[in-house]
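A short worksheet on the structure shown next.
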Amino acid sequence: MLDRINRQLIINIILCISCCSNGQAQTLRFLFTGHTYDWGVPAGHIVDSRLEKLDLNNYDGIWLGGDVCANTSLDPNTWQYLDKTFNLKNPWSHVALGNHDYRDDNLHLYYSATEKSDFYTSNIHSIVFSVLNTNLNASDCDALDAQFEMLISVTDTIEKASHYIMLMHHQIFDEIPGLDGFTSNGVCSNYQITCTGKSRSFEDRLYPKLVDIQKRGIQVLVLVGDTGWHKGGHWQSNDGIDFIASGINNSYFKSKASEQLEHMEKDKMVEFAYDLHLKRLDWKFIELGQW
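Residue numbers (our numbering): 795 to 1085.
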């Protein structure tokens, strides 16, 4: 089970998190969005053309919240196209697999294009970053429990980081105080994050660990990408943990009358800026323009 976890990598992250040492302000920029596929392409093998037109070289990493294409893993060339578009082999770029990415059972294409596992933990200077595969469930307890053990290993030992970020596709939590208005495409209210123990929910088994991290002075962020219909938003739990949802979906309406599109709520993405010297992470929602 532990073969899926690079334990040495986790140890290195916890013990050797680096920071900017030259005393000069330096800012890293990241772009986060999800549900990025183009509804108007039946083959389901490309992203929204508006994303293709962006100068993504302006960012140090791209964070994708899943459902990248409508049929991401059906055509062997699609993941290669996505790597060229988003530079997925970049160690600071991450993809949380959505159901549209996972369902065709061709994960070897993802592994080849990204050179990453379907769940893992890495770091961006003093930011510790965990990517979850929320398609895993109790039908594969070995994989599900390996992911859970990875998360427990990180949350139990992290001490010197400035931030801990979790990136996932599905909303696998519900009824967390302060998140009454959190909206996504669908709540997996009965999701089991592990096959072990009497209580197996995110709220009971993992959220208290996140609260403990928050109390140590490490800011915790949970990023959810399955929210194309709702455009996304930011909520903060009563314990001070930030939950950010982001997704786009307006390509669904692209063939509609132009006046209808004009009155649609704009698609939004999240732009992050990390000051290496101050170890400060700021973010803002930015609109994705029309075609």
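For glycine and all other residues, C-beta sits at the position ideal for the given N, C-alpha and C.
In this structure, residue 1065 keeps its C-beta atom at 8 Å or more from the C-beta atom of residue 1042.
Within the DSSP secondary-structure output, residue 823 pairs in a beta bridge with 1067.
Note: residue 998 is not bridge-paired with any residue in the DSSP secondary-structure output.
When the alpha-carbon of residue 911 is set against those of 1040, 924, 837 and 843, the nearest one is in 924. If you compare the alpha carbons of 1059, 1012 and 993 with that of residue 1027, the shortest gap goes to 1059. When secondary structure is reduced to three states using DSSP, residue 1047 falls in the helix class. DSSP lists 922 as the beta-bridge partner residues of residue 917. Within its own chain, the residues whose Cβ lies closer than 7 Å to the Cβ of residue 948, once the five positions on either side in sequence are excluded, are 804, 915, 922 and 924, listed in chain order. Short of 7 Å from the beta carbon of residue 834, and not among the five residues preceding or following it, lie these beta carbons of its own chain, in chain order: 1045, 1048 and 1049.
If you draw a straight line from the Cα of residue 905 to the Cα of residue 957, it comes to about 27 Å. Between residue 1015 and residue 1032, the alpha-carbon positions lie close to 13 Å from each other.
In terms of CA proximity to residue 1005, 959 leads the group 992, 926, 868 and 959. Distance from the CA of residue 985 to the CA of residue 854, rounded to the nearest whole angstrom, comes to 33 Å.
Between the C-alpha atoms of residue 944 and residue 927 there is a straight-line separation of about 12 Å.
One Cα belongs to residue 822, the other to residue 884, and the distance between them is close to 14 Å. In the DSSP annotation of this structure, the continuous segment of the beta strand (DSSP E) that includes residue 1030 starts and ends at 1026 to 1030.
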